[in-house]
Amino acid sequence: MTADSAAFDGLFERSAEGPLAGVVIADFGRVLAAPYCTMLLADLG
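The sequence shown runs 19 to 63 under the working numbering.
Structure representation (structure tokens):
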């Protein structure tokens, strides 16, 4: 391992929690936009 690679260790690791961790989302949509937005919110946290 070089000094350069040691500087980048952990740089691209994902955190365990997303920015919306702890927020509860209730999806009552039945069309394309609502489930898609719910999926995006779920990916964020």
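Note that beta-carbon positions come from the ideal geometry of N, C-alpha and C, so glycine has one too.
For leucine 62, the enclosing alpha helix (DSSP H) starts and ends at 51-62.
It is roughly 8 Å from the alpha-carbon of isoleucine 43 to the alpha-carbon of threonine 56. Distance from the CA of glycine 36 to the CA of leucine 58, rounded to the nearest whole angstrom, comes to 11 Å.
A distance below 8 Å between beta-carbons, with the five flanking residues on each side excluded, links glycine 63 to the following residues of its chain, in chain order: Glu35, Gly36, Pro37, Leu38, Ala39, Gly40, Val41. Here the alpha carbons of alanine 52 and phenylalanine 46 stand approximately 8 Å from one another.
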